[in-house]
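Asker:
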Amino acid sequence: MQATRISLTRTTIAISALLVGAAIAAPASAATLSVGAGKTYATPCKAFAAAKTGDVIDIQAATYSGDVCTIYASNLTIRGVNGRPKIDAAGKSAQGKAIWVVAGNNINISNVEMYGAKVADRNGAALRLEGTNFTLRNSFLHDNENGILSGQNLSSTITLESNEFGHNGYGDGYSHNVYIGKVAKLYYRYNFSHDAHVGHNLKTRAVYNLITYSRFSSLRAGETGSTAAGKPSYEIDVPNAGTTYIVGNVIMQPSSHNNPTLIAYGEEGAINGKDDLYIVNNTFLNEDASRGYFVMVGSGVVTPAKLTNNLFSGTGTQSTQTKAVLTTNFQSLAPSFVNRAAYDLRPLVNPLITNAGSVPGYALDGLNLKAVYSYKHTASASARGILGTKTDIGAYEVQ
């Protein structure tokens, strides 16, 4: 899969401005360490052990079995080249935690595939994040007990962009495709998270969450895809609240699941200081014909959630918070999509959707809530072309 390159502006306060992670400039003395057959280093972990601050590590496409370790150096750029290298845990783990334990700061990883992480405490991760600031792009993490697991670090920003997370989870409900601990900020965009094995497709305790232009879904029973079908619990779980934006996503719950709620917010207590939630221009699909909660808001959340321009398909309560502000949303048991069976939820012409959206305005911190992109499969995005005078309801403009 290849991520679409999107040009974004840092100076605007629109959502597009926050979609750019801060680049870390390597010092002039930085070296490039090559990994693979016939290269200086036979495996990634040998290169990590030799790396100095600011180095670039190029990993040739191949399968590296049992190559588990801790990354101690900081400001590293780690990237797959000439294809995507496969990192297979093969029954091993670093520190009993993960395939790679990321202890260094400002680590940037791109274009890798990682799978098979299992440990004694059933919490093994492809990537265990213990340093400050981390970025993962254009990668595929699957069939681990956790795809990503981070600890608590209120100085850290985590950026996940154009990745696929599939069928991670031990199966006990405590491990997930992505599990972010209490960090300062999570920027989560253009990702495809699916088929979590009993756990959540995304769980984040970050104080600030920007979750945009991504797809959360799972295969139906009997279907095959890039991983086996899973039975997820929540599609998105933000258990401790915090300022959270969920904008422009496709959020699908299969009929075979472990919880009828698609998004949960603050259900473990609104303890992250702020509790403002903005859910704007998303497309929801609940395939459970008998029950469902599209957005469940915990009783401790004081600030009214704002749900604007969302398309709700299927059975379910839009929000469990009675004081939530619901503006120009549309719900139908079966709205017309381009190809629902193939998970293409671009809507067909419908006067209740077309040009029916409101201007979503600004958040409390001044962020423009307008949706400016649309999710593009697989794990990418494209500019949202508004054809009429007003935006359409949902994650896509009407086809």
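If you read the sequence shown in numbering that gives the first Met the number 0, its first letter stands for residue 0, the second for the next number, and so on. Just so it is clear, CB atoms sit at the ideal spot from N, CA and C, and this is done for glycine as well.
#1: Val-100 bridges to which residues according to DSSP?
#2: Measure the CB-CB distance between Ala-288 and Thr-314 and report whether it falls below 8 Å.
#3: Can you tell me whether DSSP reads Ala-116 as helix, strand or coil?
#4: Am I right that Asn-258 and Ser-232 are in contact with their C-beta atoms under 8 Å? What's the rounded C-beta distance?
#5: What residue ranges within the segment 349-396 form continuous beta strand (DSSP E) runs of no fewer than 3 residues, ordered along the chain?
#6: Identify, in the order they occur along the chain, each residue of the same chain with its Cβ nearer than 7 Å to the Cβ of Lys-230, setting aside the five sequence neighbours on each side.
#7: Gly-130 to Gly-241, Cα distance in whole Å?
#8: Starting from His-141, follow its DSSP beta bridges and name the residues at the other end.
#9: Do Ala-30 and Asp-54 have their C-beta atoms within less than 8 Å of each other?
#10: Does the distance from the C-beta atom of Ala-341 to that of Ser-373 stay below 8 Å?
#11: If you check the beta carbons only, do Asp-142 and Thr-226 fall under 8 Å apart?
#12: Measuring CB atoms only, is the segment 207-219 touching the segment 103-123, in the sense that at least three cross pairs come out at less than 8 Å?
#13: Verify whether the separation of the beta carbon atoms of Val-101 and Phe-139 is less than 8 Å.
#14: Pull up the distance between the alpha-carbon of Phe-283 and that of Arg-188, whole angstroms please.
#15: For Thr-316, I'd like the list of residues in its chain whose CB is within less than 6 Å of its CB, leaving aside the five on either flank, ordered along the chain.
#16: So, using beta-carbon positions, are Gly-146 and Val-177 closer together than 8 Å?
#17: Would you decide whether Leu-32 is buried or exposed? Buried here means 16 or more other CB atoms lie within 10 Å of its CB.
#18: May I ask which residues mark the beginning and end of the alpha helix (DSSP H) holding Lys-305?
#19: Measure the alpha-carbon distance for Val-246 versus Lys-38 and round it to whole angstroms.
#20: Pull up the CB-CB distance for Leu-347 and Ser-335, whole angstroms please, since I reckon it's below 8 Å.
#21: Just how far apart, CA to CA, sit Val-300 and Ala-89?
#22: How many whole angstroms separate the CB atoms of Ile-157 and Leu-128, which I take to be in contact at a CB cut-off of 8 Å?
#23: Based on Cα-Cα distance, which residue from Val-397, Ala-378, Gly-297, Leu-276 lies nearest to Ala-362?
#24: In or out: Ser-154 buried (at least 16 other Cβ within 10 Å) or exposed?
#25: Assign Gly-384 to one of two classes, buried (16 or more other C-beta atoms within 10 Å of its C-beta) or exposed (fewer than that).
#26: Can you give the Cα-Cα distance for Asp-194 and Leu-185, rounded to whole angstroms?
#27: If you reduce the DSSP assignment to three classes, tell me which class Arg-204 lands in.
#28: Could you give the residue range of the beta strand (DSSP E) that holds Pro-346?
#29: For a quick check, are the C-beta atoms of Ala-60 and Asn-81 less than 8 Å apart?
#30: Around the Cβ of Leu-386, are there at least 16 other Cβ atoms within 10 angstroms (buried) or fewer (exposed)?
#31: Could you tell me whether the Cβ atoms of Asn-190 and Ala-370 are closer together than 8 Å?
#32: Just to check my reading of the structure: Asp-66 and Thr-42 have Cβ atoms closer than 8 Å, yes? What is that Cβ distance to the nearest angstrom?
#33: The alpha helix (DSSP H) that contains Lys-85, what's its start and end?
Answerer: In short, the structure shows the following:
#1: Here residue 100 corresponds to residue number 101 of the sequence shown, with the count starting at 1. The partner list for Val-100 (beta bridge, DSSP) reads Thr-69, Arg-127.
#2: Position 289 of the sequence shown, counted from the start, is the residue given in the question as residue 288. Position 315 of the sequence shown, counted from the start, is the residue given in the question as residue 314. Result yes, Cβ atoms of Ala-288 and Thr-314 sit closer than 8 Å.
#3: Indexing the sequence shown from 1 puts residue 116 at position 117. Of the three classes helix, strand and coil, the one that applies to Ala-116 here is coil, per DSSP.
#4: Translated into positions along the sequence shown, residue 258 becomes position 259. Translated into positions along the sequence shown, residue 232 becomes position 233. Sure, about 4 Å apart at Cβ, within 8 Å.
#5: 372-375, 379-382
#6: Here the question's residue 230 lines up with position 231 in the sequence shown. Excluding residues within five positions, the ones whose Cβ falls inside 7 Å are Val-197, Ser-255, His-256, Asn-257.
#7: For the purposes of this step, residue 130 is taken as the residue at position 131 of the sequence shown. For the purposes of this step, residue 241 is taken as the residue at position 242 of the sequence shown. Spanning the two alpha carbons is a distance of roughly 22 Å.
#8: Here residue 141 is taken as the residue at index 142 of the sequence shown, counted from 1. His-141 pairs with Tyr-114, Gly-165.
#9: For the purposes of this step, residue 30 is taken as residue 31 along the sequence shown, with counting starting at 1. For the purposes of this step, residue 54 is taken as residue 55 along the sequence shown, with counting starting at 1. Going by C-beta atoms, Ala-30 is nearer than 8 Å to Asp-54.
#10: Within the sequence shown, residue 341 is the residue found at index 342, counting from 1. Within the sequence shown, residue 373 is the residue found at index 374, counting from 1. No. Outside cutoff.
#11: Walking along the sequence shown from the start, residue 142 turns up at place 143. Walking along the sequence shown from the start, residue 226 turns up at place 227. Contact: yes.
#12: no
#13: As a working note, residue 101 is residue 102 in the sequence shown. As a working note, residue 139 is residue 140 in the sequence shown. At a Cβ-Cβ threshold of 8 Å, Val-101 and Phe-139 do not count as neighbours.
#14: Along the sequence shown, one-based indexing puts residue 283 at 284. Along the sequence shown, one-based indexing puts residue 188 at 189. Going from the Cα of Phe-283 to the Cα of Arg-188 covers about 17 Å.
#15: By one-based count along the sequence shown, residue 316 stands at place 317. Around Thr-316: Tyr-292.
#16: By one-based count along the sequence shown, residue 146 stands at place 147. By one-based count along the sequence shown, residue 177 stands at place 178. The answer is yes: Cβ separation under 8 Å.
#17: Residue mapping note: residue 32 aligns to position 33 of the sequence shown, counting from 1. It counts as buried.
#18: For the purposes of this step, residue 305 is identified with residue 306 of the sequence shown, where counting begins at 1. No alpha helix (DSSP H) holds Lys-305; the beta strand (DSSP E) holding it covers 305-307.
#19: Counted from its first residue, the sequence shown places residue 246 at position 247. Counted from its first residue, the sequence shown places residue 38 at position 39. Straight-line Cα distance between these residues: approximately 44 Å.
#20: Reading the sequence shown from its first residue, position 348 is the one you call residue 347. Reading the sequence shown from its first residue, position 336 is the one you call residue 335. Between Ser-335 and Leu-347 the Cβ distance is about 4 Å, and since that is below 8 Å, they are a contact.
#21: As a first step, residue 300 is located in the sequence shown; it is residue number 301 there, counting from the start. As a first step, residue 89 is located in the sequence shown; it is residue number 90 there, counting from the start. Answer to the nearest angstrom: the Cα atoms are 44 Å apart.
#22: The count along the sequence shown starts at 1 and reaches residue 157 at position 158. The count along the sequence shown starts at 1 and reaches residue 128 at position 129. Confirmed, Cβ separation roughly 7 Å.
#23: Stepping through the sequence shown from its first residue, residue 362 is reached at position 363. Comparing Cα-Cα distances from Ala-362 to each of Val-397, Ala-378, Gly-297, Leu-276, the minimum goes to Leu-276.
#24: What you label residue 154 is simply residue 155 of the sequence shown in a count that begins at 1. Counting Cβ neighbours within 10 Å, Ser-154 comes out exposed, since fewer than 16 surround it.
#25: One-based indexing of the sequence shown puts residue 384 at position 385. Gly-384 is exposed by the Cβ-count criterion.
#26: As a working note, residue 194 is residue 195 in the sequence shown. As a working note, residue 185 is residue 186 in the sequence shown. Roughly 21 Å between the two C-alpha positions.
#27: Translated into the one-based positions of the sequence shown, residue 204 becomes position 205. Coil, per DSSP.
#28: Against the sequence shown, residue 346 aligns to sequence position 347. Unbroken beta strand (DSSP E) run through Pro-346: 343-346.
#29: To locate residue 60, count along the sequence shown from 1; it is residue 61. To locate residue 81, count along the sequence shown from 1; it is residue 82. Yes; because the gap between Cβ atoms is below 8 Å, this pair is in contact.
#30: Residue numbering aside, residue 386 sits at position 387 when the sequence shown is read from its first letter. Leu-386 is exposed by the Cβ-count criterion.
#31: Locating residue 190 in the sequence shown gives position 191, counting from the first residue. Locating residue 370 in the sequence shown gives position 371, counting from the first residue. Their beta carbons are not under 8 Å apart, which means Asn-190 does not touch Ala-370 by this criterion.
#32: Within the sequence shown, residue 66 is the residue found at index 67, counting from 1. Within the sequence shown, residue 42 is the residue found at index 43, counting from 1. About 5 Å; that satisfies the 8 Å criterion.
#33: Locating residue 85 in the sequence shown gives position 86, where the first residue counts as 1. No alpha helix (DSSP H) contains Lys-85, which is instead part of the beta strand (DSSP E) from 85-87.
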